[in-house]
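The sequence shown begins at 1 in full-length UniProt numbering and counts up one residue at a time. Even for Gly, the Cβ is constructed at its ideal location relative to N, Cα and C.
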Amino acid sequence: MASKQMQKVATEVQTVLTGQLQIGTSATLNNHTVTNMQLMKSHSWSGIFFPPPPQTITSHGGVARFIHLLGNKGSKAGVMYTITGAVTVEAPYAVVLAWDAPSNSRLSPNRLYGVLAPKSVIDKLTWETIEKELDKAGASVEINDKVAKISVHANLANNPKTEMAGLWANFQLIP
Numbered sequence: 001m002a003s004k005q006m007q008k009v010a011t012e013v014q015t016v017l018t019g020q021l022q023i024g025t026s027a028t029l030n031n032h033t034v035t036n037m038q039l040m041k042s043h044s045w046s047g048i049f050f051p052p053p054p055q056t057i058t059s060h061g062g063v064a065r066f067i068h069l070l071g072n073k074g075s076k077a078g079v080m081y082t083i084t085g086a087v088t089v090e091a092p093y094a095v096v097l098a099w100d101a102p103s104n105s106r107l108s109p110n111r112l113y114g115v116l117a118p119k120s121v122i123d124k125l126t127w128e129t130i131e132k133e134l135d136k137a138g139a140s141v142e143i144n145d146k147v148a149k150i151s152v153h154a155n156l157a158n159n160p161k162t163e164m165a166g167l168w169a170n171f172q173l174i175p
């Protein structure tokens, strides 16, 4: 019995030493479009936002930073923001970013899901649908929408120095 406990402790120590243990997700979203991005809604399946995602991400290089602390199943959450690219596009667009950063990424991989679509389409998405897509996703998102003239590049990776998963996302115009 004691040897199983010692083995478990040794595994946890190794996990911490190799930077596999995470205490949450630190998000940095960069807006390189010509209009402000507005928060539509956020959702947390496991964990809590602290501080909450900002209501506005300013245009021309505005940066939003927030943290999502893990719950009993890791840091699993999502945000929806309005975004406008090409001035000629009549319908406003919106973007969804959802992530799953388990407390031990060695046992279960980080996942990141993203979608960019007209706001009317995003408005119809449920968090249940988003979670199903997230559960099948990899750790990065690459979207290039030639109609909206917006690109989204995002990834979710471990940061052993901070014991946080790092979510980095860039939103920019496509010429």
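- With a 10 Å radius around the Cβ and a threshold of 16 neighbouring Cβ atoms, I174 comes out exposed.
- In this structure, DSSP gives S26 an extended state, which the three-state scheme calls strand.
- In this structure the region 116-123 does not lie against the region 56-73, because fewer than three pairs of beta carbons, one per stretch, are closer than 8 Å.
- Here the alpha carbon of G74 sits roughly 30 Å from the alpha carbon of N36.
- Annotation: H32 to T82 spans about 14 Å, alpha carbon to alpha carbon.
- Collapsing the DSSP output to three states places K119 in a helix.
- Per DSSP, T35 is not a residue of any alpha helix (DSSP H), being assigned neither H nor E.
- About 7 Å separates the Cβ atoms of P52 and S42, confirming a contact at the 8 Å cut-off.
- Nearest to S151 by C-alpha distance, out of Y113, N170, E133, is N170.
- In its chain, beyond the 5 residues on either side, H153 have a beta carbon closer than 7 Å to the beta carbon of E142.
- Nearest to T56 by alpha-carbon distance, out of A77, S108, G71, L29, is L29.
- For K41, the secondary structure class from DSSP, reduced to helix, strand or coil, is strand.
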